[in-house]
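Whatever position you read off the sequence shown (first residue = 1), add 1122 for the working numbering.
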Amino acid sequence: LYAEQYTNRILLGWEIPASWFQSLNPVYIILFAPLLAVLWQWLGKKKKDPSDVFKMGLGTAIMAIGFFVMIGASVERVSSITGKSSMMWLTIAIWFHTIGELAMSPVSLSYVTKVAPTRLVSTMMGLYFAVMGISEKIAGKVGEFAVNFGDRKMFTWVAVVSLVVGVILMIVTKPMRKLAHEDEAVV
């Protein structure tokens, strides 16, 4: 909706369909997942691989940066004659969200199977996906709320909460590492 209603999508005289912005996430995943995998392997060989919880916190904090970028888009949109922001804001924000997702999503899936008792792994994975579904519903409600609250305030709120959660996860890394028996991790 932000791409459709609030983004200037004109490039070289042609209007880019708003739906095309949905393709940025999968394109970024294809381009950057191998690089992030190589980074984790390289850090592992140097015995500096961060723990799973730290990676999840880092991913959440990186996603927060994407929302801070969208605050800039909102500021530009409000001050613009057209009432729209440059598509570069959205392109950059989606990049940060994707990099954060790549640092968090595969690790969190693995973490659930690692810490769950063997007899409950399937149940815990089901619970993980149920929570993900609930979070999507909450995200939709947040989007509805943003219409009345204002996009800049909403982006600020989500950015700050995401950053705080990310930092908390990074802080509780050591106790969580002990619970998950992650002795080989550095942080």
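All residues carry an ideal CB built from backbone N, CA and C; glycine is no exception.
These numbers were taken from a predicted model, which means no experiment stands behind them.
So what does DSSP say about residue i, is it helix, strand or coil?
i	result
L1134	coil
K1170	coil
P1139	coil
L1301	helix
L1123	coil
Within the continuous alpha helix (DSSP H) that includes residue i, where are the two ends?
i	result
F1190	D1174 to S1201
L1242	It is not in any alpha helix (DSSP H) - L1242 carries neither H nor E in the DSSP assignment.
V1280	D1273 to I1293
K1167	L1146 to K1167
What does DSSP give as the partner residue(s) for residue i in the beta ladder?
i	result
S1208	N1130
Are residue i and residue j close, meaning C-beta to C-beta below 8 Å?
i	j	result
M1226	T1182	yes
G1118	G1288	Only positions 1123 to 1309 of the chain appear in the structure, and residue 1118 is not among them; the question remains open.
L1212	Y1150	no
M1276	V1286	no
M1247	V1234	yes
L1158	L1231	no
S1207	T1278	no
F1190	A1281	yes
D1273	V1229	no
I1216	L1146	yes
F1218	I1256	no
M1209	R1299	no
F1154	I1221	yes
A1186	S1284	yes
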